[in-house]
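Trainee: So the protein lines, in turn, are chains D, U, A and H. All residue numbers for the first sequence refer to my numbering, where the first residue is 2 and numbers rise by one. All residue numbers for the second sequence refer to my numbering, where the first residue is 1499 and numbers rise by one. All residue numbers for the third sequence refer to my numbering, where the first residue is 19 and numbers rise by one. All residue numbers for the fourth sequence refer to my numbering, where the first residue is 11 and numbers rise by one. The beta-carbon is built from N, C-alpha and C at its ideal position, and this holds for glycine as well. All values derive from a computational prediction rather than experimental measurement. Structure provided below as structure tokens; questions to follow.
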Amino acid sequence: MMYDFFVDLFGSSTLAGIISGLIQAFLPLFTFILPFALFAVWLERKVSAHMQDRLGPMRVGWHGWKQTIADILKLIQKEDIVAKDNDKLLFNIAPVLTFAGSYAAFAAIPFSGYFIGTELDLGVFYIVAVTGLVVAGILMAGWASNNKYSLLGSMRSVAQIVSYEIPTMLVLLSLVMISGTMSLHTLSEMQTGYIWNWFILGGPGFTLSKFLLIPLMFTGFLIIYISTLAEVNRTPFDIPEAESELVSGYHTEYSGMKFAMFFLAEYANMFAVSAIVAAVFFGGYQSPFGYLGNLVGAEWLIPVEQFFWFTAKGLFFVFVQMWLRWTLPRLRVDQLMTTSWKYLIPIAFVNLILIGLITLL
Amino acid sequence: MSQDLTKNTKVSSQSSKIRTEEMILNMGPQHPSTHGVLRLELGLEGEIVTKVIPHIGYLHRCFEKHCEAMTYPQVVPYTDRMDYLASMGNEFGYAVAMEKLLGIEVPQRVEYIRVIMAELQRIASHLVALGTYGADIGAFTPFLFCFIDREKILHLFEITCGARLLYNYIWVGGLSHDIHPDFVRKTREFIKEFRPNLKEINDLLTHNRIFIDRTANVGVLPIETAINFGVSGPNLRGSGMKWDIRRDDPYSVYSKLDFDIPVGKGTYGTTGDSWDRYFVRVLEMEESCKIIEQALDQLPEGDVTSAIPKRIKPNVGHVYGRVENPRGELGYFIVSDGSTSPYRVKVRPPSFVTLQIMDEICKGYMVADVVTILGSLDIVLGEIDR
Amino acid sequence: MGFLDKEFNDGNIVITTAEDIMNWARLSSLWQVSFGLACCAIEMMATSASHYDFDRFGVIPRPSPRQADIIIISGTVTLKMATRIKRLYEQMPEPKYIISMGSCANCGGPYWEHGYHVLKGIDRVIPVDVYVPGCPPRPEALLEGLLKLQEKIRNESMIKKSA
Amino acid sequence: MKKAEEIFQLLKDNFPDQNLELKTDQPTEPVILIAPDEIEKISLFLYKNTELLFDSLVLLSGVDEVKANLISVYYHIESTSLKHKIVLKVSTDRNNPEVVSVTSVWKGADWHEREAYDMFGIKFTNHPDLRRILMPYDWEAGYPLRKDYENPEFYQGMKVPY
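Right, dumping it as structure tokens:
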């Protein structure tokens, strides 16, 4: 659409491709990811504060809503320290790679039936693959910092993310088995209608298998939620940046804007994984009650509603992540591994097999 | 997660053919969980700790030299600054030792007020211990919940002597002021509010599955080792030893008060693990509430400044006086040469003694456990380094 | 003399506005190194706890000095510690600020005379922006120190170094 | 539970050739004076003897007795099972203070002895790791708690006096 417009405008397909590509790349950044990350950081501080009987940021704007803007503006001004013994190349690439990894995931997330970066047939697969870049970034950061705390933190982080990708994949695989598609858009479209069509309640249609699927789907949801928590390094799995043990883990040596990149990537990631959970289990952008747009006959309202529902679901899961963070202590690194390999993966496998059998019914 | 997570906490370092190198990790003096300016030198094999060498002295403020230069009453403010989380206890210890040296009897009202203050201070100190322990394990919210209650105790101290942290309240032979008329009522109100809050902390932290997994069976301190090292206070009681100076060498009016001495029982693991040490503190706060309530009931009337000597000039000699501070046995060894200032004051700081066992009980655990164990010992660097 | 070499003494409208925003950002988000020394550290903790809540002013503790803007020297600085504090200070990125909290950090406090191992004032090692008196200062006093520091940052100028 | 006299008598009976002395004329605490070379042996006896069982070293403190040109070490020991306590004292020459370490008996003596070394310069022979503990490892100006100690003007370029 945009591409065609630019081809008409410039008459050159290369130039049009570059320009429309750039616009498409930066549009989500400035329209959604950056505002969201800023909002999420603010939300985290407010949520934690209110859970702890405090107020949180109050001095800048209404209830401190400008707080993270100030933080980012300040971080831009800070000195960018690259120590003598750092591996300069890797040290500089690492934050970019981490940010790119979580940013690229947004390309395939269906915000509404109309607003979706790219309608990949392999959407689920793509997101899991591309967030793998984050691991590389973290490992680079830990290694290049030449700091023992960073190294330990990044090692832990990599071990953690790699082991928790397996249960995530297994659960997603079971969803793929039911729906027969890997496209997040198609997955969301399948859950249209009302709340009982969501996959958490067994998916569309009223058959015997739907009712058999409900408990398995709940198990699947719990597994994927726990493992995505671990993948984005949130409490109780925030071991890589465990403040009380490893100072701040792999980003101990980073200052200024590079640190901000890690910081924003973390919050962008939080939304990305919540969005996946919402898309595959909770109807994606579909409204649970039907659309106001259909009711009043205003077709244009539907994408707006869909966008609202999707963001609301995503933010709800982000909120739960924060809630857990400010309630639970953190696990030790070996307990973390046990949780994944001894509990989540076997349960996910059994779940997968059962779902496979049910789909054969 | 079930119990068997905790079974293999002590990981044995396997001997393999691969040539490995021990990594030395420096924790501190600036580190979020060393509770001040302690430096721990950790030898690591992967994440397994092979040795722990504590380096102290980063807060050595020359307390003992100051004592030699001050007159006896002037020492009191300096004792405040040793264990800054339990200043009342420090003053109490000094007063007990000095009264033993001088042979003074102090009025009953003074003794009761001292006990009330010391026990309030014990609750305040244990609240910080619990809170920071939660923060060490990764739960930050209990820390703030504990500080809310601690703030109320500080308010009680504030209406008594005007200071929040370092009081200079318990003097040799008496107190600097009598308590405020509202104090008794407010203290009762506090105890009433505090009990449900304690339960909330228990719900949030003590019986949390992850918290138990992190602390049970970690850093087990056998009772013989503890005694041989001279460990005292909640750490010794956590190992199952019923030893409390308030009971075993009673001072002040503790013999007239009825309270239990909680000991570690190994509820979720081995007796003497970090969880036991932690839980002993929780139970002790409950006991302190009981003591305060009794002391408030029995509080006699009288003058609190009548027994304060005008000029303190003890005979030649030496004395060792001790009290049960929140962190254990706090003792003062005072040598007098007959002048108005002490010839030598040596303190027995409970944390100083306790910290020695770090190497003994940390070996074979993981880096994360070092933080857990250190937190469960509840040290205060101001007292270790003096 | 080139355009860029000229000192912008007067400060035109673009620069002052940009400067105000930059200063506003700096003063509203002062992240502190979570670093405590002695008694004052407990009061510092109390200041960041619920009752006084440092977070209202945008102050949050960062464990790593690389990500911090202020360091609160909270307590007695000993000779053994002074070199470490200096290194910690050097690890922080510019612009960085220092609050010296309590009498000990200001001038040695009660240990000024016989403290053979006490550094009499942190300003002998690193430059200090705000001194907060008291032994220990109440949390309110620390908050006032922070407000004074914010005032100082507000009046900073990137055109000309303030004295 | 035993009184100081009984403990002293028990020691006297078991170490007849030792120069032991009980002092009770001080205002408060009875003290047993012991020679610096014998302290470890006697400590071990006090620790092992079934009637005494002194299993805990409460405090070890050095005292600079400058008038007598001596440096003394006080040991406050206690039995947690029998609940009695006693003070031991050894005195040694101020110019070259040497005392046998008791770390082999009570492990808790380790840091106390290091502190006494740090503050008074008492050399504890057989101590496993006799280094400074509170003062910096490179402190060269002597032992701060001795009465004739003088503080240096500078330490690593930092001015020390006010």
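#1: List the residues of chain U whose Cβ lies closer than 7 Å to the Cβ of V73 (chain H), in chain order.
#2: Name, going along the chain, the residues of the segment 1839-1869 of chain U whose beta-carbon falls closer than 7 Å to a beta-carbon of chain H.
#3: Taking its Cβ as the centre, do 16 or more other Cβ atoms sit within 10 Å of R1620 (chain U), making it buried, or is it exposed?
#4: Please check if any C-beta of chain H sits within less than 7 Å of the C-beta of L106 (chain A).
#5: For S1837 (chain U), count neighbouring C-beta atoms within 10 Å of its own C-beta (all shown protein chains included) and say buried if the count is 16 or more, exposed if not.
#6: Check whether the Cβ atoms of T94 (chain A) and R1559 (chain U) sit closer than 7 Å, and answer yes or no.
#7: Apart from the five residues just before and just after G152 (chain H), which ones in its own chain have a Cβ nearer than 6 Å to its Cβ?
#8: So, does the CB of D65 (chain H) fall closer than 7 Å to a CB anywhere in chain U?
#9: Can you tell me the Cα-Cα spacing of V1817 (chain U) and Q1528 (chain U), whole angstroms?
#10: Helix, strand or coil for G93 (chain A) per DSSP?
#11: Who are the neighbours of K169 (chain H) on chain A, taking C-beta pairs under 9 Å?
#12: Can you give me, in chain order, the residues of the segment 149-163 of chain A that have a beta carbon less than 9 Å from any beta carbon in chain U?
#13: In whole angstroms, what separates the C-alpha of A108 (chain D) from that of M271 (chain D)?
#14: Based on DSSP bridge pairs, tell me the residues matched to E1454 (chain U).
#15: Would you say L1663 (chain U) faces chain D, with C-beta separation under 7 Å as the test?
#16: When we look at the beta-carbon of N1733 (chain U) and count the other beta-carbons within 10 Å, is it buried (16 or more) or exposed?
#17: Which residues, in chain order, does the segment 41-56 of chain A contribute to contact with chain U at a C-beta distance below 7 Å?
#18: What does the Cβ neighbour count give for H1675 (chain U), buried or exposed, with the cut at 16 atoms within 10 Å?
#19: How would you label T1507 (chain U), buried or exposed, when you count the other beta carbons within 10 angstroms and need 16 or more for buried?
#20: Sort D:G18, D:P168, D:L76 by Cα distance to R44 (chain A) and report the nearest one.
#21: With a threshold of 16 other CB atoms inside 10 Å of the CB of S1585 (chain U), please say whether the residue is buried or exposed.
#22: Determine which residues share a DSSP beta bridge with M1864 (chain U) and list them.
#23: Using 7 Å as the limit for Cβ to Cβ distance, is V1878 (chain U) near chain A?
#24: For Y268 (chain D), which of D:L202, D:S256, D:D335, D:R46 has the nearest alpha-carbon?
#25: Run down chain D in chain order and give the residues with a C-beta less than 7 Å from the C-beta of L1875 (chain U).
#26: Please determine, among H:R124, H:P107, H:G131, the residue with the shortest C-alpha to C-alpha distance to I1554 (chain U).
#27: Can you list the residues of chain U that P81 (chain A) reaches, using a CB-CB cut of under 7 Å?
#28: Which residues in chain A have a C-beta closer than 7 Å to the C-beta of P58 (chain D)? List them in chain order.
#29: When you compare each of U:G1541, U:G1526, U:I1602, U:I1668 to D1857 (chain U) by their alpha carbons, which one comes out closest?
#30: Are the CB atoms of L63 (chain H) and M241 (chain H) within a distance shorter than 7 Å?
#31: I'd like the ranges of any alpha helix (DSSP H) spanning at least 4 consecutive residues and lying wholly in the segment 95-155 of chain D.
#32: Strictly below 8 Å CB to CB, what residues from chain U border I143 (chain H)?
#33: Am I right that L345 (chain D) and I227 (chain D) are in contact with their C-beta atoms under 8 Å? What's the rounded C-beta distance?
#34: For P111 (chain A) and chain D, any beta-carbon pair shorter than 7 Å?
#35: Taking only three categories from DSSP, how would you classify E1822 (chain U)?
#36: Rounding to the nearest angstrom, what Cα-Cα distance links A50 (chain D) and G133 (chain A) in this structure?
Mentor: Considering the structure as presented:
#1: Reading the fourth sequence from its first residue, position 63 is the one you call residue 73 (chain H). Ordered by position in chain U, the residues that pass the 7 Å Cβ test against V73 (chain H) are V1833, R1842.
#2: Within the segment 1839-1869 of chain U, the residues whose Cβ lies closer than 7 Å to some Cβ of chain H are R1842, K1844, R1846, F1850, V1851, Q1854, listed in chain order.
#3: Taking the second sequence and counting its residues from 1, the one referred to as residue 1620 (chain U) is at position 122. So R1620 (chain U) counts as buried.
#4: Here residue 106 (chain A) corresponds to residue number 88 of the third sequence, with the count starting at 1. Look at L106 (chain A): its C-beta is not under 7 Å from any C-beta on chain H.
#5: Your numbering for residue 1837 (chain U) matches position 339 in the second sequence. The C-beta of S1837 (chain U) has fewer than 16 other C-beta atoms within 10 Å across all chains shown, which makes the residue exposed.
#6: Translated into the one-based positions of the third sequence, residue 94 (chain A) becomes position 76. Translated into the one-based positions of the second sequence, residue 1559 (chain U) becomes position 61. Contact check for T94 (chain A) against R1559 (chain U) passes: the beta carbons are separated by less than 7 Å.
#7: Locating residue 152 (chain H) in the fourth sequence gives position 142, counting from the first residue. In its chain, beyond the 5 residues on either side, Y159 have a beta carbon closer than 6 Å to the beta carbon of G152 (chain H).
#8: Translated into the one-based positions of the fourth sequence, residue 65 (chain H) becomes position 55. Yes, D65 (chain H) lies at the interface with chain U (some Cβ there is under 7 Å from its Cβ).
#9: Counting from one through the second sequence, the residue named residue 1817 (chain U) turns up at place 319. Counting from one through the second sequence, the residue named residue 1528 (chain U) turns up at place 30. For V1817 (chain U) and Q1528 (chain U), the distance between alpha carbons rounds to 38 Å.
#10: Position 75 of the third sequence, counting from 1, holds the residue named residue 93 (chain A). DSSP, read as helix, strand or coil, puts G93 (chain A) in coil.
#11: Working through the fourth sequence from its first residue, we reach residue 169 (chain H) at position 159. Simply L137, K138, R142.
#12: Cβ contacts with chain U: C153, P154, R156, P157.
#13: By 1-based counting over the first sequence, the position of residue 108 (chain D) is 107. By 1-based counting over the first sequence, the position of residue 271 (chain D) is 270. A108 (chain D) and M271 (chain D) have their C-alpha atoms spaced approximately 15 Å apart.
#14: The structure shown does not extend to residue 1454 (chain U), since chain U is modelled only from 1499 to 1884, so the question has no answer here.
#15: As a position in the second sequence, residue 1663 (chain U) is number 165, starting the count at 1. For L1663 (chain U), the answer is no, since every Cβ of chain D falls outside 7 Å of its Cβ.
#16: Reading the second sequence from its first residue, position 235 is the one you call residue 1733 (chain U). The C-beta of N1733 (chain U) has 16 or more other C-beta atoms within 10 Å across all chains shown, which makes the residue buried.
#17: Cβ contacts with chain U: S52, F53, G54, L55, A56.
#18: Within the second sequence, residue 1675 (chain U) is the residue found at index 177, counting from 1. Burial call: exposed.
#19: If you number the second sequence from 1, residue 1507 (chain U) lands on position 9. Caution is warranted here: a pLDDT of 42 is assigned to T1507 (chain U), below 50, making its placement in the model unreliable, and no coordinate value can be reported.
#20: Along the third sequence, read from residue 1 onward, the residue named residue 44 (chain A) stands at position 26. Nearest option by C-alpha distance: D:L76.
#21: As a working mapping, residue 1585 (chain U) is identified with position 87 in the second sequence. Taking a 10 Å sphere around the C-beta of S1585 (chain U), we find 16 or more other C-beta atoms and assign the residue as buried.
#22: What you label residue 1864 (chain U) is simply residue 366 of the second sequence in a count that begins at 1. Beta-bridge pairing links M1864 (chain U) to U:I1546.
#23: Here residue 1878 (chain U) corresponds to residue number 380 of the second sequence, with the count starting at 1. By this cut-off, V1878 (chain U) is not an interface position.
#24: Counted from its first residue, the first sequence places residue 268 (chain D) at position 267. The shortest Cα separation from Y268 (chain D) among D:L202, D:S256, D:D335, D:R46 belongs to D:R46.
#25: Walking along the second sequence from the start, residue 1875 (chain U) turns up at place 377. Per Cβ cutoff of 7 Å: no residues; L1875 (chain U) is ~15 Å from chain D at best.
#26: Counting from one through the second sequence, the residue named residue 1554 (chain U) turns up at place 56. Closest option to I1554 (chain U), Cα to Cα, is H:R124.
#27: As a working note, residue 81 (chain A) is residue 63 in the third sequence. When 7 Å is used as the limit between beta carbons, P81 (chain A) is near these residues of chain U: P1530, in chain order.
#28: As a first step, residue 58 (chain D) is located in the first sequence; it is residue number 57 there, counting from the start. Contacts between P58 (chain D) and chain A, judged by CB atoms closer than 7 Å, involve D73, R74, G76 in chain order.
#29: If you number the second sequence from 1, residue 1857 (chain U) lands on position 359. The option with the nearest alpha carbon to D1857 (chain U) is U:G1541.
#30: In this structure chain H extends from 11 to 172, so residue 241 (chain H) is not present and cannot be described.
#31: As far as the segment 95-155 of chain D is concerned, its whole alpha helix (DSSP H) runs of at least 4 residues are 124-131, 133-146.
#32: The residue given as residue 143 (chain H) occupies position 133 in the fourth sequence. Ordered by position in chain U, the residues that pass the 8 Å Cβ test against I143 (chain H) are I1554, G1555.
#33: Residue mapping note: residue 345 (chain D) aligns to position 344 of the first sequence, counting from 1. Residue mapping note: residue 227 (chain D) aligns to position 226 of the first sequence, counting from 1. Confirmed, about 7 Å.
#34: By 1-based counting over the third sequence, the position of residue 111 (chain A) is 93. Taking 7 Å as the threshold, the shortest C-beta distance from P111 (chain A) to chain D falls below it.
#35: Locating residue 1822 (chain U) in the second sequence gives position 324, where the first residue counts as 1. It is a strand residue.
#36: For the purposes of this step, residue 50 (chain D) is taken as the residue at position 49 of the first sequence. For the purposes of this step, residue 133 (chain A) is taken as the residue at position 115 of the third sequence. A50 (chain D) and G133 (chain A): Cα-Cα distance of roughly 41 Å.
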